[in-house]
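A.B. asks: Residue numbers (the working numbering), protein chains in the order written: chain A, 1014 to 1233; chain B, 1014 to 1233.
In this text, a Cβ means the ideal position worked out from N, Cα and C, and glycines have one as well.
Structure below; questions to follow.
There are 2 protein chains.
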Amino acid sequence: MPVTVLLVDDEPLVRAGLRAVLEAQPDIEVVGEAADGAAVIPLVRRLRPDVVAMDVRMPLMDGIEATRAVLRTVDRPPKIVVVTTFENDEYVYEALRAGADGFLLKRARPAEIVHAVRLVAEGESLLFPASVRQLAAARGDGDRDPAARAALERAALTGREAEVLRLMTRGLSNAEIAARLVVGTETVKSHVSAVLVKLGVRDRTQAVITAYESGFVSPG
Amino acid sequence: MPVTVLLVDDEPLVRAGLRAVLEAQPDIEVVGEAADGAAVIPLVRRLRPDVVAMDVRMPLMDGIEATRAVLRTVDRPPKIVVVTTFENDEYVYEALRAGADGFLLKRARPAEIVHAVRLVAEGESLLFPASVRQLAAARGDGDRDPAARAALERAALTGREAEVLRLMTRGLSNAEIAARLVVGTETVKSHVSAVLVKLGVRDRTQAVITAYESGFVSPG
DNA sequence: AGCCGCCTCCCCCGGACGGGGGAGGCCCGC
DNA sequence: GCGGGCCTCCCCCGTCCGGGGGAGGCGGCT
C-alpha cells in the first residue's frame, strides 16, 4: 500500500509543487491539503496519513504548534516532516523538540523530497544532512549528540526574551517595548542584553537580521 | 493554438507548482524551465514562448536583469510576468521599468495565476490589482497614473543610498560602512538619514525591517 | 528546605545614533 | 551656461543604546 501524505502549507503554489513532486511517485499518495496548522488535527483524524509535510510558517497556527498539537491529541500520530525555506532555521530544533521526525528545505530537489518522505514513512528519523551540518557548524558544536543539543537548549531564548525579540523585529524601541509589556525600561534592557548575548550579536539591528535570517520572523 | 510558457525560477518546487497549475489548463502549455536568469535568453530564442514567468530573485542573474536582457537582445520578445513573493516589492517598479508586462504573487491562488498568464498573453498589461493597491497605499499615492509612478521614482533610493542600506541589512555600523565604502562617517550618516526619510522610518533597525519586508533583501 | 532559573528593577557610563543645518564639487541634462 | 541631483564632508546636540555591575522576589524542582 502506498505512503499517504497530508500537505500543510499556506501557499497554494507550494502545495501544488509538493503534490506534483510526490504524486509523480507510484508509491506515494497525497490524501489531503491544509492551508493552516489550525486545520490539521481534524484532517489527521479523518485521513490518517502516514506522513504530514508541514510548513513552519503559517498565519494562524505555525508548524511547531501544529506539530505539538497533533502529537498531543492524536493517538498513533503520523510522521511529521517540517518544511522550511531556510537553512540554519531556529525552528529546526524547536520542531525536533516538538517531536517532528525530520525536516527538509523547500529548495531541495524533487528527488530529495521524495526520498525524505519515504524515509520518515519507514520510521527513519531523518534530518537533512546538509542542513544539519550547517546548523552544527553555525553553532560551533560538533555533531548532533545529546550534549550538543542540550547546549543548544541552554542557549535558547526564554519566553520573555523571545517576546522582546519579536517586538524588536517589529521596530519597537526599548521604551515602546516596556510600555507594551507593562514593565520598566530597565527590565527590557536586561532582556535585550540577554538576547544579544544568546544570539551572539552586537546590537538590536543585528538581532533583527538574525531573526529574519533564522526564520524566527519572516517577511510577508 | 495554446499559450506557451517558459518558467524561470531557482526553486524546483515553485517551478513544479507553476507547471502543475498551468498545465491543468488545456489552452496553456509549459514549453520549458530554467533555474536562473542567465539561462533564459537561449531558451527564449529556441522555444519562442508567448509568456515568460520569471522569478525576481535568482542566484546568478535576477529577474530584473534577465527581463532587460531578453527585451534588449531578442526580437519580437515574449511577454514577461515577474513572479514575486512579496507585496510592496521594491522590485515591482524596477521590473515594470525594465519592461515586464505584469507581475503576480507566489501566494496567489491558482485561478489567479492562470488568469494573469492568459491576460498578458492577450497583450493586456496586467498588474495584479491587490498588489498595486497595496503598493500605492503603502506609499500614500493615488492610483497607477504616470504622475504617481514618477513620484515613486523620485522617492526611490539613489545608488549610494541603496548600497548603504544593503550594508545596514548586513549589520554594519556607520563606522564600518564608512570603512567599507572608503568615505567619512559623516557621509555615511548623511546617506543613512536620507534612507530613513525615504523609507519613512525612525532608525536603522526599522530600515532593516522594511528592507526585509519589502524584499529589498531576503533571508537565505 | 534549598537551589536555580526566570523576571523584575536599579546604578553608572561611554559610545553610537539620529536630527538639524550647512556647504562645496561633480556631472548631466535642459 | 545654469540648475539640479548626487556624493561628499562638517558642526552641534540630545537621546537612545548597550556593557558591566548588582539585587530581590517568585515559582518549580529536587
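Between the C-alpha atoms of PHE1229 (chain A) and ARG1085 (chain A), what's the straight-line distance to the nearest angstrom?
C.D. replies: Mapped onto the first sequence, residue 1229 (chain A) falls at position 216. Mapped onto the first sequence, residue 1085 (chain A) falls at position 72. Going by the C-alpha atoms only, they are around 23 Å apart.
A.B. asks: Which same chain residues, not among the five before or five after GLU1174 (chain B), have their C-beta less than 8 Å away from its C-beta?
C.D. replies: Here residue 1174 (chain B) refers to the residue found at position 161 when the second sequence is read from its first residue. Cβ neighbours of GLU1174 (chain B) beyond the five flanking positions: HIS1204, ALA1207, VAL1208 and LYS1211.
A.B. asks: What I want to know is whether the C-beta of LEU1212 (chain B) ends up closer than 6 Å to one or more non-hydrogen atoms of the ligand PLP.
C.D. replies: Looking for the ligand PLP in the displayed structure turns up nothing, as the structure carries no ligands at all.
A.B. asks: Kindly say whether LEU1026 (chain A), judged by its beta-carbon, lies nearer than 7 Å to any beta-carbon of chain B.
C.D. replies: The count along the first sequence starts at 1 and reaches residue 1026 (chain A) at position 13. It does; some Cβ of chain B falls within 7 Å.
A.B. asks: Looking at C-alpha atoms only, which residue of B:THR1182, B:PRO1039, B:ARG1032 and B:LEU1056 is the closest neighbour of PRO1015 (chain B)?
C.D. replies: In the second sequence, counting from the first residue as 1, residue 1015 (chain B) sits at position 2. Nearest of B:THR1182, B:PRO1039, B:ARG1032 and B:LEU1056 to PRO1015 (chain B), Cα basis: B:PRO1039.
A.B. asks: What first and last residue would you give for the alpha helix (DSSP H) that runs through MET1181 (chain A)?
C.D. replies: For the purposes of this step, residue 1181 (chain A) is identified with residue 168 of the first sequence, where counting begins at 1. First-last of the alpha helix (DSSP H) with MET1181 (chain A): 1172 to 1181.
A.B. asks: Taking the Cβ atom as the reference point for each residue, do ASP1068 (chain A) and LYS1092 (chain A) lie within a distance shorter than 7 Å?
C.D. replies: Stepping through the first sequence from its first residue, residue 1068 (chain A) is reached at position 55. Stepping through the first sequence from its first residue, residue 1092 (chain A) is reached at position 79. Their beta carbons are not under 7 Å apart, which means ASP1068 (chain A) does not touch LYS1092 (chain A) by this criterion.
A.B. asks: So, are the CB atoms of ALA1033 (chain B) and ALA1029 (chain A) less than 7 Å apart?
C.D. replies: Taking the first residue of the second sequence as 1, we reach residue 1033 (chain B) at position 20. Taking the first residue of the first sequence as 1, we reach residue 1029 (chain A) at position 16. Yes, they are a contact pair.
A.B. asks: Going along the chain, which residues of the region 1207 to 1230 of chain A sit with their C-beta nearer than 9 Å to a C-beta in chain B?
C.D. replies: Here the close residues are VAL1214, ARG1215, ASP1216, ARG1217, THR1218, GLN1219, ALA1220, VAL1221, ILE1222, THR1223, TYR1225, GLU1226, SER1227, GLY1228 and VAL1230.
A.B. asks: Can you give the Cα-Cα distance for ASP1216 (chain B) and ARG1179 (chain B), rounded to whole angstroms?
C.D. replies: Along the second sequence, one-based indexing puts residue 1216 (chain B) at 203. Along the second sequence, one-based indexing puts residue 1179 (chain B) at 166. Each residue's Cα considered, the two are about 15 Å apart.
A.B. asks: Note down, in chain order, every chain B residue with its Cβ under 9 Å from the Cβ of LEU1031 (chain A).
C.D. replies: The residue you call residue 1031 (chain A) lines up with position 18 of the first sequence. Within 9 Å Cβ-Cβ: LEU1026, ALA1029 and GLY1030.
A.B. asks: Kindly indicate the opening and closing residues of the alpha helix (DSSP H) around LYS1202 (chain B).
C.D. replies: Counted from its first residue, the second sequence places residue 1202 (chain B) at position 189. 1198 to 1212 is the extent of the alpha helix (DSSP H) around LYS1202 (chain B).
A.B. asks: Starting from LEU1020 (chain B) and walking both ways along the beta strand (DSSP E), at which residues does that stretch end?
C.D. replies: Indexing the second sequence from 1 puts residue 1020 (chain B) at position 7. LEU1020 (chain B) -> beta strand (DSSP E) spans 1016 to 1021.
A.B. asks: At which residue ranges does the region 1020 to 1104 of chain A contain complete beta strand (DSSP E) runs of 3 or more residues, listed in the order of the chain?
C.D. replies: Runs of the beta strand (DSSP E) inside the region 1020 to 1104 of chain A: 1041 to 1047, 1064 to 1068 and 1092 to 1097.
A.B. asks: Return no unless some Cβ of chain B is closer than 7 Å to the Cβ of GLY1184 (chain A).
C.D. replies: Reading the first sequence from its first residue, position 171 is the one you call residue 1184 (chain A). Yes, GLY1184 (chain A) lies at the interface with chain B (some Cβ there is under 7 Å from its Cβ).
A.B. asks: Could you check whether ALA1134 (chain B) and ASP1023 (chain B) sit closer than 7 Å to each other, using their CB atoms as the reference points?
C.D. replies: The count along the second sequence starts at 1 and reaches residue 1023 (chain B) at position 10. The count along the second sequence starts at 1 and reaches residue 1134 (chain B) at position 121. No, the pair does not count as a contact, with Cβ atoms beyond the cut-off.
A.B. asks: On the CB-based measure, 16 or more other CB atoms within 10 Å of its CB, does PRO1025 (chain B) come out buried or exposed?
C.D. replies: Here residue 1025 (chain B) is taken as the residue at index 12 of the second sequence, counted from 1. By the neighbour-count rule (16 or more Cβ atoms within 10 Å), PRO1025 (chain B) is buried.
A.B. asks: If distances are taken between C-alpha atoms only, which option among B:GLU1078, B:ALA1066, B:GLU1036 and B:LEU1031 comes closest to ALA1051 (chain B)?
C.D. replies: In the second sequence, the residue the question calls residue 1051 (chain B) occupies position 38. The shortest C-alpha separation from ALA1051 (chain B) is found at B:GLU1078.
A.B. asks: Quick check: VAL996 (chain B) and VAL1044 (chain B), are their CB atoms within less than 7 Å of each other?
C.D. replies: No statement about residue 996 (chain B) is possible, as the shown extent of chain B runs from 1014 to 1233 and does not include it.
A.B. asks: List the residues of chain B whose Cβ lies closer than 8 Å to the Cβ of LYS1119 (chain A), in chain order.
C.D. replies: For the purposes of this step, residue 1119 (chain A) is identified with residue 106 of the first sequence, where counting begins at 1. Those within 8 Å of LYS1119 (chain A) in chain B are GLU1024 and LEU1026.
A.B. asks: Give every residue of the same chain whose Cβ lies closer than 7 Å to the Cβ of ALA1046 (chain B), excluding the five residues on either side of it in the sequence, and list them in chain order.
C.D. replies: Within the second sequence, numbered from 1, the residue matching residue 1046 (chain B) stands at position 33. For the sequence presented, residue 1046 (chain B) should be read as Glu rather than Ala. Result list for GLU1046 (chain B): LEU1020 and ARG1028, in chain order.
A.B. asks: Within 7 Å (strictly less), CB to CB, does VAL1018 (chain A) reach chain B?
C.D. replies: Within the first sequence, residue 1018 (chain A) is the residue found at index 5, counting from 1. For VAL1018 (chain A), the answer is no, since every Cβ of chain B falls outside 7 Å of its Cβ.
A.B. asks: Which same chain residues, not among the five before or five after VAL977 (chain B), have their C-beta less than 8 Å away from its C-beta?
C.D. replies: Missing from the structure shown is residue 977 (chain B); chain B here goes from 1014 to 1233 and no further.
A.B. asks: Is there a Cβ from chain A that is less than 7 Å from the Cβ of VAL1034 (chain B)?
C.D. replies: The sequence position of residue 1034 (chain B) within the second sequence is 21, counting from 1. Yes, VAL1034 (chain B) counts as interfacial toward chain A.
A.B. asks: Compare the Cα-Cα distances from LEU1185 (chain A) to each of B:VAL1221, B:THR1200, B:ARG1183 and B:MET1181 and report the closest residue.
C.D. replies: Working through the first sequence from its first residue, we reach residue 1185 (chain A) at position 172. The option with the nearest alpha carbon to LEU1185 (chain A) is B:VAL1221.
A.B. asks: Measure the alpha-carbon distance for ARG1081 (chain A) versus VAL1087 (chain A) and round it to whole angstroms.
C.D. replies: Numbered from its first residue, the first sequence carries residue 1081 (chain A) at position 68. Numbered from its first residue, the first sequence carries residue 1087 (chain A) at position 74. Rounded to whole angstroms, ARG1081 (chain A) to VAL1087 (chain A) spans 10 Å at the Cα level.
A.B. asks: Start and end of the alpha helix (DSSP H) containing LEU1194 (chain B)?
C.D. replies: On the second sequence, residue 1194 (chain B) is found 181 positions in, with the first residue counted as 1. Here the alpha helix (DSSP H) through LEU1194 (chain B) covers 1187 to 1194.
A.B. asks: Straight-line CA distance for TYR1225 (chain A) to ALA1111 (chain A)?
C.D. replies: Position 212 of the first sequence, counted from the start, is the residue given in the question as residue 1225 (chain A). Position 98 of the first sequence, counted from the start, is the residue given in the question as residue 1111 (chain A). Cα to Cα, TYR1225 (chain A) sits roughly 21 Å from ALA1111 (chain A).
A.B. asks: On the premise that THR1198 (chain A) lies in contact with ASN1187 (chain A), defined as a C-beta separation below 8 Å, what is that separation, rounded to the nearest angstrom?
C.D. replies: Within the first sequence, residue 1187 (chain A) is the residue found at index 174, counting from 1. Within the first sequence, residue 1198 (chain A) is the residue found at index 185, counting from 1. 5 Å between Cβ atoms; contact.
A.B. asks: Establish whether the CB of ALA1150 (chain A) and some CB of chain B are separated by less than 7 Å.
C.D. replies: To locate residue 1150 (chain A), count along the first sequence from 1; it is residue 137. Summary for ALA1150 (chain A): the model assigns pLDDT 33, below 50, so the residue's position carries little reliability; its value from the coordinates is reported in the next sentence. ALA1150 (chain A) does not count as touching chain B.
A.B. asks: Using C-beta distances below 6 Å, list every residue in its chain close to GLU1176 (chain B), excluding the 5 sequence neighbours before and after it, in chain order.
C.D. replies: Within the second sequence, residue 1176 (chain B) is the residue found at index 163, counting from 1. Answer for GLU1176 (chain B): no residue qualifies.
A.B. asks: Closest to GLY1076 (chain A) by CA distance: which of A:ALA1192, A:VAL1095, A:GLU1036 and A:ARG1061 is it?
C.D. replies: Taking the first sequence and counting its residues from 1, the one referred to as residue 1076 (chain A) is at position 63. Closest option to GLY1076 (chain A), Cα to Cα, is A:VAL1095.
A.B. asks: Using a Cβ-Cβ cut-off of 7 Å, state whether VAL1064 (chain A) counts as contacting chain B.
C.D. replies: Your numbering for residue 1064 (chain A) matches position 51 in the first sequence. Taking Cβ atoms only, chain B never reaches closer than 7 Å to VAL1064 (chain A), which makes this a no.
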